[in-house]
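Those letters in the sequence shown? Residues 1 to 467, per the numbering used here, in order.
Where a beta carbon is used, it is the ideal one built from N, C-alpha and C, also for glycine.
No experiment lies behind these values; they were computed from the predicted model shown.
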Amino acid sequence: MSRFSEPQHPDFRRLNTSISFDVRLWPQDIAQSRAHARMLAAVGVVSEGDLRALLDGLDEVGRELAEGRFAVRPDDEDIHMAIERRLTEIAGPAGGRLQTARSRNDQEATGVALYTRAAAARAADAVGALMEALLARAQEHLAVALPGYTHLQRAQPVYLSHHLLAYFWMLSRDRARFGFAAAEAGRMPLGAGALAGVSFETDRRMVAAELGFAEVVPNSIDAVSNRDFVIDYLSAAATCATHLSRLGSELVIWSSEEFRFCELPDAWSSGSSIMPQKKNPDAAELLRAKAPRIAAHLSAMHGVMHALPLTYNKDMQEDKEHLFDAVDTLELCLAAARGMIEGVRFDVERMREAASDEMIAATDIADLLVGEGVPFREAHGIVAGLVRLAVESGRTLSQLAPGELEQAAGEAFAGAEGLARYRQALSQSAWLESKVSEGGTALARVREQIALAEGMVGEGGGAAAGR
Ligand code: ARG
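Right, dumping it as structure tokens:
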């Protein structure tokens, strides 16, 4: 029987149905149905015979889905209805008992939570692997100098290890965010029924234990209304993808003929269809361009949930395509970033050469004047004058004559001692090794960072919650 006298309009059917994309939740749906059936038998709501029929039937449906033999019917609105329909064909009347004490509302929330939990754990692992790759490359290039940039203008030299570790720390925060998302998806909605709970003495904790949930959602209304864990995953993914876009951008710039700081591995580069000499950093470019796509999924999901009255609303069906595409996109981006970092060849000579541009020691010369009692603002002006003198006369800072130095800076750079101080500050390793503050680029400080990073790589960032 049905309360409807008219068939659904075909366009409504197309609008309303979700099977084309939610079919990917079938392993989560089968797993929760198995746990639910066992619990129903344990509390005496279904017989042992029916339980056997349900479990065998679910096994068979799972095999059909895994082997691509499952035939979707036009009436299969979503994966839950499709599996239940097929189960009843196989198991007979017992199949009709599976939906006892359950609604598609708590079932849907549970499937998405299981999926999100696993995806967040995989993301945390993939981020961890990228962190390890960055750390290994940093250890390998501990004392290679290159210019650090602001506004993409040479600013102050740093060690390559220090620069690579900056990404390590960004990613360590991403990993923690994915750990948080996994934990948020770690409370089980199932057992909430449609919204108010169910009229059977069910054992939610038994189901949660079988499905690996740490807890059950304590409020049935919240259980079926909540998709925060999807937003938490998307938020972590959007931030992570933004980080990868910056890494991608630097790889694009560094691998250009103008910079030549690195050469990307062939396995992650493309050729040009017309210019035989070209090696294009397509993967690095796509790291840049995929990030806004993931951020858009986050934004769309905020839109889906915005102002929704409690509890379940069909709007929430729109969570899945945003989530699924973000998961697929992020996982590919993380694999590409790791592949490029593991295989990139750094041109350490080119980097050193660029870092030997004396102009980037200007701050150090100013600091030297500060050491002689000159206020920093004034020192900044004096050095700006020296830089201008050098640039205008086509000389380097160390080619300036002693008289010119004395005229600009007075006592500080006068005489043999002042001149020696000035020249010493202009020797390359001095610029780097002068940055001795905690977290700075001096080698002793980079080594401290490496020790901290080594302590972190094995930690996993709380992602264990997802497994
Ligand atoms: N396909 C639905 C979704 O993705 C499943 C839940 C449907 N529940 C309902 N009461 N219509 O959200």
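When DSSP states are grouped into helix, strand and coil, SER20 belongs to the helix group. When secondary structure is reduced to three states using DSSP, MET1 falls in the coil class, being assigned neither helix nor strand. Shown here, THR363 sits in a helix according to DSSP, grouped into three states.
At least 9 Å separates the beta-carbon of ALA362 from that of LYS290. In the three-state reduction of the DSSP assignment, ASN219 falls in the coil class, being assigned neither a helical nor a strand state.
By the Cβ rule, the region 91 to 111 counts as touching the region 25 to 38, because three or more pairs are nearer than 8 Å. Under a 10 Å Cβ-count criterion, ILE365 is classified as buried, with 16 or more other Cβ atoms of the shown protein chains found around its own Cβ. Taking C-beta separations shorter than 6 Å and ignoring five residues to either side along the sequence, the partners of GLU342 in its chain run ALA133, following chain order. Runs of alpha helix (DSSP H) with 4 or more residues, each lying fully within the region 320 to 368, are found at 348 to 355, listed in chain order.
DSSP places ASN280 within a strand segment (E or B) once states are collapsed to three. Of the candidates GLU285, SER103, LEU54 and GLN153, SER103 places its Cα closest to the Cα of ALA192.
In the assembly as shown, GLY271 is an exposed residue. Its beta-carbon has fewer than 16 other beta-carbons within 10 Å. Between ILE90 and GLY57, the C-beta gap is smaller than 9 Å, which places the two residues in contact. With 16 or more other CB atoms across the displayed protein chains lying within 10 angstroms of its CB, GLY186 is buried. Within the region 240 to 307, the runs of alpha helix (DSSP H) that reach at least 4 residues and sit entirely inside it are, in chain order, 282 to 305.
Under the three-state reduction of DSSP, VAL144 is assigned to coil, being neither helix nor strand.
In this structure, ASN280 has its CB at a distance of at least 8 Å from all heavy atoms of the ligand ARG.
Around the beta-carbon of ASN226, 16 or more other beta-carbon atoms lie within 10 Å, marking it buried.
For ASP75, the Cβ stays outside the 8 Å cut-off from all heavy atoms of the ligand ARG.
The DSSP assignment places 160 to 184 and 204 to 211 as complete runs of the alpha helix (DSSP H) inside the region 154 to 222, in order along the chain (cut-off: 4 residues). For TYR233, the secondary structure class from DSSP, reduced to helix, strand or coil, is helix.
Only residues of its own chain outside the window of five on either side were considered, and among them HIS297, ALA300 and MET301 have a CB closer than 6 Å to the CB of HIS322, listed in chain order. Shown here for ASP315: same chain residues with a beta carbon closer than 7 Å to its own, the five before and five after excluded, namely VAL304 and LEU308 in chain order. Across the structure, ARG154 and ALA336 are spaced so that their CA atoms are roughly 28 Å apart.
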